[in-house]
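Peer 1: Residue numbers (our numbering): 108 to 561.
Even for Gly, the Cβ is constructed at its ideal location relative to N, Cα and C.
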């Protein structure tokens, strides 16, 4: 079988992943409706192993069977449309790979369509943005079909690398790769908001942009850094025309929907992800600022930088644990046997949430069996306990100065709530039974009963 990959779509991600394959001595055949885009891509490639077509039928015919076809088109309708066309052109045992930002349920549906036509399918989450696609992304593959060694070799050749090897995860289920990518993005939302809230704390403490940048930079020296922390340090100090760029950007955050999908999916599975909920909500709320114009906020916050470091660590670890627990829950519900160490290894390099924290947690797992739940690892809980007083101090001081910390507080609150012996939900259960006869479940009983409250 030839070392050839067919790629449909050469937008920002498709183009860069095509060049990545080309650099790794893999023949690349692309389909795009724009001749100019194809010409530009061929010109940009350095190894003269890229060809392109504007006709989908010709594109398919110029790839040796069994074919490996990678879709790099927008998720949703665009993916479904081109997939439908391809299914009529591909042969049995050809492989269709969805590398777009698809919702995991859509990948599951497309995989089942392919299965009926005896075409193999892989739903592949890609993380790392434009730079990652070009130089080494984290790749999350979900399939119920066998992946040939030559295709796996090609995929690994373009992936990011870590001390544990290729950042390529292979998961059972057509939609599971995109589910893991969705959770990655949900955690990404929360991590970004944690840093934004920390930035707000530092601004309210009257630190200069350079001082704030240096604070984030200092975390690298303490093995507490991440890709997002590093770029935040650069962003905050960047100047143009002698002005800080960050100070001239509207304080409004948009989203492409993956955070919302993470929230909706967790609610569907009745599983809490409070830090991610608050991160998504913060972006929504950013469009509704100053609806109470008379409220003033203090600029006299005097934050302890060491305590803020520990606050950031606590909030990030709490968020990561929430995400991992949801993956465990999803895996158990769907009988997918997802191994958390593999997920962590998948995210160690190339992806947006790569960090020293992920490396630390992955190394801790070396001492445990692969099916150990993260909440069973005492060392991880000890890290939260050690930093508990510092996050409380940061929250208290911020409340006094009216600096909102929705994700940081939610990360703290989740830990306290999930480790507390008392939960007041018994009152809610009783209220529902009182006004709606929804019944209650008594302690040490399995059955639900209605009580006489009048």
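Exposed or buried, what is residue 403 when buried is set at 16 or more other beta-carbons lying within 10 Å of its beta-carbon?
Peer 2: Translated into positions along the chain shown, residue 403 becomes position 296. The residue is exposed, with fewer than 16 neighbouring Cβ atoms inside 10 Å.
Peer 1: For residue 273 and residue 438, what's the separation of their Cα atoms in angstroms?
Peer 2: Your numbering for residue 273 matches position 166 in the chain shown. Your numbering for residue 438 matches position 331 in the chain shown. Cα to Cα, the separation comes out at about 23 Å.
Peer 1: In terms of alpha-carbon separation, which member of 429, 145, 288 and 296 lies closest to residue 206?
Peer 2: For the purposes of this step, residue 206 is taken as the residue at position 99 of the chain shown. Nearest option by C-alpha distance: 288.
Peer 1: Roughly how many angstroms lie between the CA atoms of residue 108 and residue 212, to the nearest whole one?
Peer 2: By one-based count along the chain shown, residue 108 stands at place 1. By one-based count along the chain shown, residue 212 stands at place 105. A caution first: residue 108 carries a pLDDT of 45, below 50, which makes its placement in the model unreliable, though a value can still be read off. Whole-angstrom Cα-Cα distance: 31 Å.
Peer 1: Specify the secondary structure class of residue 293 as computed by DSSP and reduced to three states.
Peer 2: Translated into positions along the chain shown, residue 293 becomes position 186. Helix at residue 293.
Peer 1: Figure out for me which residue from 409, 191 and 316 has the closest Cα to the Cα of residue 354.
Peer 2: The residue you call residue 354 lines up with position 247 of the chain shown. Among 409, 191 and 316, the Cα nearest to that of residue 354 belongs to 316.
Peer 1: Find out if the Cβ-Cβ distance for the pair residue 241, residue 139 is shorter than 8 Å.
Peer 2: Translated into the one-based positions of the chain shown, residue 241 becomes position 134. Translated into the one-based positions of the chain shown, residue 139 becomes position 32. In this structure, residue 139 does not lie closer than 8 Å to residue 241 by Cβ.
Peer 1: Taking 8 Å as the cut-off, decide whether the C-beta atoms of residue 170 and residue 116 are in contact.
Peer 2: As a working mapping, residue 170 is identified with position 63 in the chain shown. As a working mapping, residue 116 is identified with position 9 in the chain shown. Not a contact, by the Cβ cut-off of 8 Å.
Peer 1: Measuring only the C-alpha atoms, how far is residue 364 from residue 280?
Peer 2: To locate residue 364, count along the chain shown from 1; it is residue 257. To locate residue 280, count along the chain shown from 1; it is residue 173. In a straight line, the C-alpha of residue 364 is about 22 Å away from that of residue 280.
Peer 1: Do residue 515 and residue 418 have their CB atoms nearer than 8 Å?
Peer 2: If you number the chain shown from 1, residue 515 lands on position 408. If you number the chain shown from 1, residue 418 lands on position 311. Yes, the Cβ-Cβ distance between residue 515 and residue 418 is below 8 Å.
Peer 1: Roughly how far, in whole angstroms, is the beta-carbon of residue 157 from the beta-carbon of residue 189, given that I think they are within contact range, below 8 Å?
Peer 2: The residue given as residue 157 occupies position 50 in the chain shown. The residue given as residue 189 occupies position 82 in the chain shown. About 20 Å; that fails the 8 Å criterion.
Peer 1: Applying the criterion that 16 or more other CB atoms from any shown protein chain within 10 Å of the CB defines a buried residue, is residue 391 buried or exposed?
Peer 2: For the purposes of this step, residue 391 is identified with residue 284 of the chain shown, where counting begins at 1. By the neighbour-count rule (16 or more Cβ atoms within 10 Å), residue 391 is not buried but exposed.
Peer 1: Quick one: using the 10 Å Cβ neighbour count with 16 as the cut-off for buried, is residue 560 buried or exposed?
Peer 2: Against the chain shown, residue 560 aligns to sequence position 453. Looking at its Cβ environment, which holds fewer than 16 other Cβ atoms inside 10 Å, residue 560 is exposed.
Peer 1: According to the neighbour-count rule (16 or more other Cβ atoms, all chains shown, within 10 Å of its Cβ), is residue 197 buried or exposed?
Peer 2: Along the chain shown, one-based indexing puts residue 197 at 90. By the neighbour-count rule (16 or more Cβ atoms within 10 Å), residue 197 is buried.
Peer 1: Near residue 491, what residues of its chain come up, given a Cβ to Cβ distance below 8 Å and the 5 sequence neighbours on each side ignored?
Peer 2: Position 384 of the chain shown, counting from 1, holds the residue named residue 491. So the qualifying residues of the chain are 421, 424, 425 and 522.
Peer 1: Do you know offhand how far residue 322's Cα is from residue 410's?
Peer 2: Position 215 of the chain shown, counted from the start, is the residue given in the question as residue 322. Position 303 of the chain shown, counted from the start, is the residue given in the question as residue 410. Cα to Cα, residue 322 sits roughly 12 Å from residue 410.
Peer 1: Using only alpha-carbon positions, find the residue among 163, 127 and 165 that is nearest to residue 148.
Peer 2: Position 41 of the chain shown, counted from the first residue, corresponds to residue 148. Looking at the Cα atoms, 127 is the closest of the given residues.
Peer 1: Here's the rule I'm using: 16 or more other beta-carbon atoms within 10 Å means buried, otherwise exposed. How should residue 453 be labelled?
Peer 2: Looking up residue 453 in the chain shown gives position 346. Burial call: buried.
Peer 1: Secondary structure at residue 403, three-state DSSP: helix, strand or coil?
Peer 2: Numbered from its first residue, the chain shown carries residue 403 at position 296. Looking at residue 403 - three-state DSSP - the assignment turns out to be coil, as it is neither helix nor strand.
Peer 1: Quick one: what does DSSP say residue 440 is sitting in, helix, strand or coil?
Peer 2: Taking the first residue of the chain shown as position 1, residue 440 is located at position 333. In the structure shown, residue 440 sits in a helix (DSSP, three-state: H, G or I).
Peer 1: Comparing C-alpha positions only, which one of 263, 175 and 130 sits nearest to residue 199?
Peer 2: The count along the chain shown starts at 1 and reaches residue 199 at position 92. For the residues 263, 175 and 130, the minimum Cα distance to residue 199 belongs to 175.
Peer 1: Is residue 487 near residue 468, with beta carbons less than 8 Å apart?
Peer 2: Position 380 of the chain shown, counting from 1, holds the residue named residue 487. Position 361 of the chain shown, counting from 1, holds the residue named residue 468. Against a cut-off of 8 Å, the Cβ pair of residue 468 and residue 487 comes out as a contact.
Peer 1: Would you call the CB atoms of residue 249 and residue 209 closer than 8 Å?
Peer 2: Here residue 249 is taken as the residue at index 142 of the chain shown, counted from 1. Here residue 209 is taken as the residue at index 102 of the chain shown, counted from 1. No, they are not a contact pair.
Peer 1: How many Å lie between residue 172 and residue 300 at the Cα?
Peer 2: Position 65 of the chain shown, counting from 1, holds the residue named residue 172. Position 193 of the chain shown, counting from 1, holds the residue named residue 300. C-alpha separation (whole angstroms): 47 Å.
Peer 1: Would you mind giving the Cβ-Cβ distance between residue 462 and residue 333, rounded to the nearest angstrom? I have them listed as a contact below 8 Å.
Peer 2: Here residue 462 is taken as the residue at index 355 of the chain shown, counted from 1. Here residue 333 is taken as the residue at index 226 of the chain shown, counted from 1. With a Cβ gap of about 3 Å, residue 462 and residue 333 count as contacting.
Peer 1: Within its chain, find whatever has a CB closer than 6 Å to the CB of residue 330; leave out the 5 residues flanking it on each side and keep chain order.
Peer 2: Here residue 330 refers to the residue found at position 223 when the chain shown is read from its first residue. Hits under 6 Å: 463.
Peer 1: By DSSP, does residue 108 sit in helix, in strand, or in coil?
Peer 2: For the purposes of this step, residue 108 is taken as the residue at position 1 of the chain shown. The pLDDT assigned to residue 108 is 45, lower than 50, so where the model puts this residue is not dependable, and the model offers no usable value.
Peer 1: With a Cβ-Cβ cutoff of 8 Å, do residue 232 and residue 284 count as a contact?
Peer 2: As a position in the chain shown, residue 232 is number 125, starting the count at 1. As a position in the chain shown, residue 284 is number 177, starting the count at 1. A contact, by the Cβ cut-off of 8 Å.
Peer 1: Does the count of Cβ pairs from the region 470-483 and the region 377-389 closer than 8 Å reach three?
Peer 2: Too few Cβ pairs lie closer than 8 Å, so no.
Peer 1: Using 10 angstroms around the beta-carbon of residue 275, count the other beta-carbons present and answer buried if the total reaches 16, otherwise exposed.
Peer 2: The residue labelled residue 275 in the question sits at position 168 within the chain shown. By the neighbour-count rule (16 or more Cβ atoms within 10 Å), residue 275 is buried.
Peer 1: So within the region 223-288, which uninterrupted alpha helix (DSSP H) runs reach at least 4 residues, ignoring any that extend past its ends?
Peer 2: Counting only runs of 4 or more, we get 236-242 and 256-265.
Peer 1: Determine the direct distance from the alpha carbon of residue 194 to that of residue 226, and round the result to whole angstroms.
Peer 2: Here residue 226 refers to the residue found at position 119 of the chain shown. Here residue 194 refers to the residue found at position 87 of the chain shown. Computed Cα separation, rounded: 8 Å.
Peer 1: How close, in whole Å, do the beta carbons of residue 386 and residue 297 come, if the pair is a contact with beta carbons under 8 Å?
Peer 2: To locate residue 386, count along the chain shown from 1; it is residue 279. To locate residue 297, count along the chain shown from 1; it is residue 190. Contact flag correct, Cβ pair sits at about 4 Å.
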